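Under our numbering, think of the first position of the sequence shown as 6, with each following residue one higher. Note that beta-carbon positions come from the ideal geometry of N, C-alpha and C, so glycine has one too. Since the model is a prediction, treat every value here as computed from it, not as a measurement.
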Amino acid sequence: MSQELVYSLVDQRVDRDIPNLQTLKRDLERGTDEIKLEALQKIIIGSLNGEKFDSLFMFIIRFVMPTKNKILKKHLLFYWEVCPKYDETGKLKQETILICNSLLNDLHHSNEYIQGATLRFLCRLKDNELLEPLIGPTRECLNHRHAYVRRNAVLAIHSIYKNQSHLVPDAPELILNFLAAESDSMCKRNAIIMLIDTDLGMAVDWLLGSLN
Numbered sequence: 006m007s008q009e010l011v012y013s014l015v016d017q018r019v020d021r022d023i024p025n026l027q028t029l030k031r032d033l034e035r036g037t038d039e040i041k042l043e044a045l046q047k048i049i050i051g052s053l054n055g056e057k058f059d060s061l062f063m064f065i066i067r068f069v070m071p072t073k074n075k076i077l078k079k080h081l082l083f084y085w086e087v088c089p090k091y092d093e094t095g096k097l098k099q100e101t102i103l104i105c106n107s108l109l110n111d112l113h114h115s116n117e118y119i120q121g122a123t124l125r126f127l128c129r130l131k132d133n134e135l136l137e138p139l140i141g142p143t144r145e146c147l148n149h150r151h152a153y154v155r156r157n158a159v160l161a162i163h164s165i166y167k168n169q170s171h172l173v174p175d176a177p178e179l180i181l182n183f184l185a186a187e188s189d190s191m192c193k194r195n196a197i198i199m200l201i202d203t204d205l206g207m208a209v210d211w212l213l214g215s216l217n
C-alpha cells in the first residue's frame, strides 16, 4: 500500500519582485515576527523558483530558529525542506547539522501541534545524517499523551523505515507493540497501514488475532 502523499502549496505569482538580499537580511535580523515571516515566505518561494539564498542560511539559524511563534516555526519546516543542504561535491554541508537542533527542540515542544508538524516533516526528510539523531525522540513520541502526536509519529516511523530501514530496523515490531496498547482509531489505522506496507504477514497475524 502506498504512503499518503504530502504536498506544500506555494504562491508562485509571476508579478512578485525578486527580493533584495540586504533587505531580507535586515528583516530577518531586526524585524518583528510578522516581518520575519514575510521575509521567510519570500525566501521559500524564491528558492522554489530557482533563486539562490545560500548566504541567508545562518541569518535564519540565528534570528528565526529561536522563535516561539508557531506560524514562523511551521514555515521553518518548509524552509528546511527547500534550503540548500549539500555542497558542490554532494556532501551534506557542515552547518546543516544545525537543523537537527531545531528539529530536536520541536520534537520536545510543549505544543502538540508543533510536535505533530515536525513529525510530518520527517516524512519528507531523506537525509541519513539529519535523521539519525532524531530517531530516539521520534520513537518516544509513540507514547505521547496526545493522540495527534502519536498518529504522526507512526507516519514518521513508517516513512523512515521505508527509506532508511537501518535507522529503525525493528519498526514493524515497534508498531506491533504500539498497536497492542493503542486505543485511538486513527493511530491504529496508521499503524495497520504501516504493517501492511512493511510486513504483510505480521499485519495479517495481528488482524486475525484481533478478531478472536
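Considering S215, what are the terminal residues of the alpha helix (DSSP H) in which it resides? L205 to L216 is the span of the alpha helix (DSSP H), which, as asked, contains S215.
Determine the closest residue to L97 out of L213, N110, K131 and R67, with distance taken between C-alpha atoms. Taking only the C-alpha atoms, the option nearest L97 is K131.
By how many angstroms is the C-alpha of I201 removed from the C-alpha of C192? Their Cα atoms are separated by approximately 14 Å.
Beta-carbon proximity of H149 to E117, cut-off 9 Å: Result yes, Cβ atoms of H149 and E117 sit closer than 9 Å.
Cβ-Cβ distance between L61 and L29 below 9 Å: Taking 9 Å as the Cβ cut-off, L61 and L29 qualify as a contacting pair.
What number of angstroms, rounded off, separates the C-alpha of V69 from the C-alpha of Q46? Taking the straight line from one Cα to the other gives about 12 Å.
Output needed for F64: all residues of its chain with C-beta closer than 7 Å, excluding positions within five of it in sequence on either side, in chain order. Closer than 7 Å at Cβ, skipping near neighbours: K30, L33 and E34.
Exposure label - S115; buried when at least 16 CB within 10 Å: So S115 counts as exposed.
Give a yes or no on whether the C-beta atoms belonging to V173 and R144 are separated by under 9 Å. Closer than 9 Å, so yes.
Quick check: the Cα distance between I197 and A208, rounded to an integer number of angstroms? Cα to Cα, the separation comes out at about 7 Å.
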